[in-house]
Structures are given as structure tokens and as C-alpha cells.
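Report on one structure; see the data block that follows.
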Amino acid sequence: MPNTILKYKTIIENVKTNSIYKFFKVFFTEVTLITKFTVNFFKTLFIPPYEFNELIKQCYIVGCKSLPLVGITGFIMGLVLTIQSRPTLAQFGAESWLPAMVGVSIVREIGPVITAIICAGKIGSSIGAELASMKVTEQIDAMEVSGINPFKYIVVTRILATTLMIPLLVIFSDAIALFGSFLAVNIKGDVSFILYFAKVFEKLNFIDLMPSLIKTIFFGFAIGLIGCYKGYNSDKGTQGVGASANSAVVMGSLLVFIIDMIAVQLTSLFTP
Amino acid sequence: MENVIEIEHLKKSFGNNQVLKDISLNLAKGENLVILGKSGTGKSVLIKCIVGLIKPDEGKLTALQKNILELNTKELNALRKKIGFLFQSAALYDSMSVKENLEFPLRDLKELKQDEINIKVIEALQNVGLEKAINKMPSELSGGMRKRIGLARTLILNPEIMLYDEPTTGLDPITSKEISSLILEMQKKFNTASIIITHDIECARITANRVIVLNDGTCYAEGTFKELEQSNDEKIKGFFI
Ligand SMILES: Nc1ncnc2c1ncn2[C@@H]1O[C@H](COP(=O)(O)OP(=O)(O)O)[C@@H](O)[C@H]1O
Ligand SMILES: [Mg+2]
Numbered sequence: 102m103p104n105t106i107l108k109y110k111t112i113i114e115n116v117k118t119n120s121i122y123k124f125f126k127v128f129f130t131e132v133t134l135i136t137k138f139t140v141n142f143f144k145t146l147f148i149p150p151y152e153f154n155e156l157i158k159q160c161y162i163v164g165c166k167s168l169p170l171v172g173i174t175g176f177i178m179g180l181v182l183t184i185q186s187r188p189t190l191a192q193f194g195a196e197s198w199l200p201a202m203v204g205v206s207i208v209r210e211i212g213p214v215i216t217a218i219i220c221a222g223k224i225g226s227s228i229g230a231e232l233a234s235m236k237v238t239e240q241i242d243a244m245e246v247s248g249i250n251p252f253k254y255i256v257v258t259r260i261l262a263t264t265l266m267i268p269l270l271v272i273f274s275d276a277i278a279l280f281g282s283f284l285a286v287n288i289k290g291d292v293s294f295i296l297y298f299a300k301v302f303e304k305l306n307f308i309d310l311m312p313s314l315i316k317t318i319f320f321g322f323a324i325g326l327i328g329c330y331k332g333y334n335s336d337k338g339t340q341g342v343g344a345s346a347n348s349a350v351v352m353g354s355l356l357v358f359i360i361d362m363i364a365v366q367l368t369s370l371f372t373p
Numbered sequence: 002m003e004n005v006i007e008i009e010h011l012k013k014s015f016g017n018n019q020v021l022k023d024i025s026l027n028l029a030k031g032e033n034l035v036i037l038g039k040s041g042t043g044k045s046v047l048i049k050c051i052v053g054l055i056k057p058d059e060g061k062l063t064a065l066q067k068n069i070l071e072l073n074t075k076e077l078n079a080l081r082k083k084i085g086f087l088f089q090s091a092a093l094y095d096s097m098s099v100k101e102n103l104e105f106p107l108r109d110l111k112e113l114k115q116d117e118i119n120i121k122v123i124e125a126l127q128n129v130g131l132e133k134a135i136n137k138m139p140s141e142l143s144g145g146m147r148k149r150i151g152l153a154r155t156l157i158l159n160p161e162i163m164l165y166d167e168p169t170t171g172l173d174p175i176t177s178k179e180i181s182s183l184i185l186e187m188q189k190k191f192n193t194a195s196i197i198i199t200h201d202i203e204c205a206r207i208t209a210n211r212v213i214v215l216n217d218g219t220c221y222a223e224g225t226f227k228e229l230e231q232s233n234d235e236k237i238k239g240f241f242i
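Sequence lines, in order, name chains A and B.
For the first sequence, this note's numbering assigns the number 373 to the last residue and increments by one with no breaks.
For the second sequence, this note's numbering assigns the number 242 to the last residue and increments by one with no breaks.
Here's what the structure looks like:
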């Protein structure tokens, strides 16, 4: 029946103009391009001369300038988490477990993820916007025509900087969060500093620390990579700058959660 | 006369937008060639092809006896050091001071010591008359100063060819004139060959040895400034009002 054939044809046509079809098309091109960008990063990484000065400068920008923000959020996180958990634990008469429970949740999950999300917002967006405006004002082209590889000078240093610094920021944030938690425990009931941390580390061991540290390295890499990718490939024009910063944050945060999910699955596979 | 740039039948499209249809031109040693053309005729695209920022679809492109389209990355970078490019926006590196901007193109030349670099930087700034701006950041400079610093940054490598993309656009008439005289001065001092893209007729009058009018992706007319000034063609006359 030609009528049904026509009907299927229109359905196929509809699918092609469908937003879901378009979404997947955009999605897979994006994945391909990011993969190429990553391959390019590893290819360029080992070619001398190495840009040490620029790397140090970027580490300073990424690391030191984020310390206050990461510190404050870490402190509040530890404080609030402790205050919120106390009533529940008290119902079971397990208040003495409070330090251990809060310690494990901060070090394993909350510290790394919250810090990474904040860094995706602060660092990812600033890298995205900076590179995009360099692109718009032809600074990247200018580097290229003066015979210097802009990918190596701009992109490689920034990705390395986030990969190195975000784990350190997470450790810093964890420490401050535990301190906040100690203060919160001390609001009700008196626990000495030493006793509190003895209780925390009683339940925290190598298996908690290592995987969560390793995953933060990947968080850092992802945040730097996405920020650079979005900025380096931004559209010309000033709205391109805003769009790059915005999508760097969105995609960076999303990637942090995805990496976290994979990391949790892997650690639970390999640990008893 | 020896040619430093030879372009034959160059073509370039972006999607359906055919920007360069058929461009052939030569640049002789020590010559100032002015290219006139309306906005959007592909003047920037043309000179970006010369330094390999944009890959043309078809045609032959020779600069300093090297075929640009067949060079590998290393050879291309070596050639780029001999070609100076002044961007329309000057393209100063925002995050660096004027001094660091000028040092940047020299970073690959390891045989240079720091005090030699300092001397070169000061010389380059003297050439454009801006020694006092050495420690400023680009955001503190006016449009004309940015163009001059951009010029100093390209001249620091003593290029054999200079490409100027609209050097006077967006500047007041007096500053424009200063920049134009500066271009002429640099030609005399270093005997560089230059392509100057512009639609500023004063700039063309001051700097041009030869003028090419670009229209609709082709070389529409060619001649000295005087010859084209007297032309009766509507499309050419438009520039000379
Ligand atoms: N990278 C690019 N991608 C797509 N189109 C471009 C690109 N660069 C330039 N174009 C197009 O080429 C045409 C000529 O641009 P351009 O050379 O900048 O003009 P102008 O002569 O004013 O310098 C414009 O229509 C522009 O949209
Ligand atoms: Mg242009």
C-alpha cells in the first residue's frame, strides 16, 4: 500500500529533523572532537621545549587564587554535614560515631566532588572565557604566525596546571572540612582535637584515601581539558566568549559526576 | 626584480561562500603593495593564506622561494619567523606586559642572552617611538599605541616581508598618518617588502608603490596610485573620494 510507505517516509523525515536526532549528531561530533583534542594534548605534551615558567604561573593562578573559595566551602560543608547528621545518629545512640562517619563521607565523596564542582565553575569558566577572548582578538593566531605553537603554550600548560592543582585543592578542602566538623562536634559535647582526629582516622585508611585522590586527578584533567577545548574552539564574536565560558562549566561539572560514578564503581570492584 | 611572494590562481571558499575566486599577484623585494577592497571581500583571508593560517582550496603560493602549501610544521614555523604580520586588532597578549609581548617572538632563539634581548626590545620600541610604555599592560594603551606595539613586536624578528591588515582602521586621521609614515620609514630602514591592506586612501597615498584593487574575489585593477586615481571606473573611483 503506497499510503503506508508514504507514512513511513514522512516518519523517517520527521526523525531526521527531530531534535533528538540532532542532539545525538551534535553529541557524537562533540565527543569525536574532544577525543582528538585529548590525543593532541598527549602528542604535544612530550615535545620539547617545555614551558615551565608558564606552567608555574598557571599553577599559581589555578591553585592559590582558588584557595579562599575552596576553603570557605570546605569549612561550611564539614560544619553543616556534622550538625545535620547528629540527630539521626543520636536516635541510635551512636553519637560517638559522628567523627568517623563525617570523615569517611567527606574524604571519599563530598570533599572531592564539591571541590571539583566549584573548580569547574571558577577555573573552568575562567579558562574558557580567557581562551575564547584570546581567539576572538586573534592572539592565538598571532602566536601561531610568530612561529610558536599556541596549543603547547596555552592549552598544555593549563591542562597540566589543573591536573596538578585540583588534587591539592581537594586535600586542602578535606582538611578544612574536617576542622569544621570538629568545631561542630564541639558545639555540643566536648571532644578534644586529638580524640576527634583519632576517631576520624580510625575509620579512614589507605583504601579510602588513594582512590579518592586518584579520581581528583581525573577531575582536574577533565576541568582543564573542557575549559581549554571550549575556549580554543570558540566561535568568533563576543557572544562566543560567553558561550564558551558557559558550556565549559556545564560540561565540566557533568564530566565530574560521570567520572565520579565510574570511579565509585571501579573502587567497589577492587575493594572488599 | 626578484619576487618575495608569488600567488597564482588562489581560490578559497567557506562552505557555499566563495571568498577568493581567482587571485594572482606578486610582491617584489623592497616594494610596498597596497591592496584596496571593500569590507568582506576576503582581504584578511588572502593574507592569512600567505602565512598558512588558512589553507586555500586551490592555487600556488610561494613566499621567499618556498611553496607554503608543501611545508611541514617545522619549516612553516621557520618561514613564519621571516614574515611579520600586523593584525587588524594588533593582537597584543593581554596577560603580558609590553616588554613580555616583545620578548615573546624571541623565545625560541636560544642563542640570545637576556641582555641582548633587552637591547632588542628597547630598539624595537624606539623604532615606533614608545620607549616609555615598556612596563605598561596592553589594557592601558590607546588604539594607536597598541598598533605601534604590535608593529614593534613583529619587527623585532627583522622580517623580510611585512603583512599589514588594515593598519589605520579605527584610528583618528592624525594617528593614521603617523602609522602610515611609520610603515614607510620601516620600508626605508629595513628594506622589507610589504603588503598593506586598507581602505584608507590617505594611507595608500603615503605608502603605496603599487596598488591592487580587490573586488568580488578577484584582482580587479592594478597600477600606481596616480594611475588608479585618474581611473573612470565606478568601482575604483569609489575608493578615491
Ligand atoms: N574562518 C572563517 N570561516 C568562515 N568564513 C570566514 C572565515 N574567515 C572569513 N570568512 C568569511 O570570508 C569573508 C571575507 O572575510 P575577510 O577576509 O575577513 O574580509 P575583509 O576583506 O574585510 O578582511 C567574509 O564573508 C567572512 O564571513
Ligand atoms: Mg579584514
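All residues carry an ideal CB built from backbone N, CA and C; glycine is no exception.
Remember, predicted model here, so these are calculated numbers, not experimental data.
When the five nearest sequence neighbours on each side are left out, the beta carbons in the same chain lying within less than 8 Å of the beta carbon of Phe88 (chain B) are those of Gly151 and Asp166, in order along the chain.
Taking C-beta separations shorter than 8 Å and ignoring five residues to either side along the sequence, the partners of Met235 (chain A) in its chain run Ile241, Ile255 and Gly332, following chain order. With a minimum length of 4 residues, the unbroken runs of alpha helix (DSSP H) contained wholly in the stretch 297-350 of chain A fall at 307-333. Scanning its chain for C-beta atoms nearer than 7 Å, with the 5 sequence neighbours on each side dropped, one finds around Ala278 (chain A) the residues Gly175, Phe176, Met178, Gly179, Ile207 and Gly212, in chain order.
Counting C-beta atoms within 10 angstroms of its own C-beta, Cys165 (chain A) has fewer than 16 neighbours from the protein chains shown and is therefore classed as exposed. Counted as a single uninterrupted DSSP element, the alpha helix (DSSP H) harbouring Glu203 (chain B) occupies residues Ile202 to Thr208.
About 34 Å separates the beta carbons of Lys117 (chain A) and Val237 (chain A), which is beyond the 8 Å limit, so they are not a contact pair. With fewer than 16 other Cβ atoms inside 10 Å of its own Cβ, Lys133 (chain B) counts as exposed.
Remark: C-beta atoms of Cys329 (chain A) and Ala262 (chain A) do not approach each other more closely than 7 Å.
Annotated three-state conformation of Gln185 (chain A) is helix, per DSSP. When A:Gly204, A:Thr264 and A:Ile315 are compared, the shortest CA-CA separation from Cys220 (chain A) is found for A:Thr264. Here Ile84 (chain B) is not near Pro174 (chain B), since their CB atoms are 7 Å or more apart. Inclusion of Ser45 (chain B) in the 6 Å shell around ligand 1 follows from its C-beta lying nearer than that to a non-hydrogen atom of the ligand. Taking one beta carbon from each stretch, the stretch 218-228 of chain B and the stretch 187-201 of chain B have fewer than 3 pairs nearer than 8 Å; the two do not touch. The DSSP-derived three-state label of Gly130 (chain B) is coil. In its chain, beyond the 5 residues on either side, Thr258, Leu261 and Ala262 have a beta carbon closer than 7 Å to the beta carbon of Leu156 (chain A). DSSP, read as helix, strand or coil, puts Met163 (chain B) in strand.
Those residues of the stretch 46-71 of chain B placed with their C-beta closer than 9 Å to a C-beta in chain A are Lys49, Val52, Gly53 and Leu54, ordered along the chain. Around the CB of Met244 (chain A), 16 or more other CB atoms lie within 10 Å, so the residue is classed as buried. Contact between Met138 (chain B) and Ser98 (chain B) holds, since their C-beta atoms are separated by about 6 Å, short of 8 Å. At a cut-off of 7 Å between beta-carbon atoms, Ser167 (chain A) makes no contact with chain B.
Comparing alpha-carbon positions, the option among B:Lys44, B:Asp23, B:Asp95 and B:Gly41 lying closest to Lys61 (chain B) turns out to be B:Asp23.
With a threshold of 6 Å, the Cβ atom of Ser335 (chain A) does not count as near ligand 1, since no heavy atom of the ligand is closer than that.
Listed along chain A, the residues sitting closer than 7 Å to Asp109 (chain B) by beta-carbon distance are Gly248 and Ile249. Interface residue (Cβ-Cβ distance to chain B less than 7 Å): Ala243 (chain A) is classified as such. Taking a beta-carbon distance threshold of 7 Å, Thr263 (chain A) does not count as an interface residue toward chain B.
Residues of the stretch 334-365 of chain A with a Cβ closer than 7 Å to any Cβ of chain B: none. Closest in C-alpha terms to Lys39 (chain B), from the list B:Ser232, B:Ile213 and B:Gln231, comes B:Ile213.
The DSSP-derived three-state label of Ser14 (chain B) is strand. DSSP places Glu210 (chain A) in no alpha helix (DSSP H); its state is neither H nor E. For Leu183 (chain B), the closest of B:Ile120, B:Asn33, B:Asn4 and B:Ser25 by C-alpha to C-alpha distance is B:Asn33. Three or more beta-carbon pairs drawn from the stretch 267-283 of chain A and the stretch 310-329 of chain A are found closer than 8 Å, and the two stretches are therefore classed as touching. Residues Thr145, Ile148 and Glu152 of the same chain have their beta carbon placed closer than 8 Å to that of Lys253 (chain A), with the five preceding and five following residues left out of the count. Shown here for Asn136 (chain B): same chain residues with a beta carbon closer than 8 Å to its own, the five before and five after excluded, namely Ser98, Val99 and Lys100 in chain order.
Around the beta-carbon of Ile327 (chain A), 16 or more other beta-carbon atoms lie within 10 Å, marking it buried. Between the stretch 70-80 of chain B and the stretch 11-23 of chain B, the count of C-beta pairs closer than 8 Å stays below three; the two stretches do not touch.
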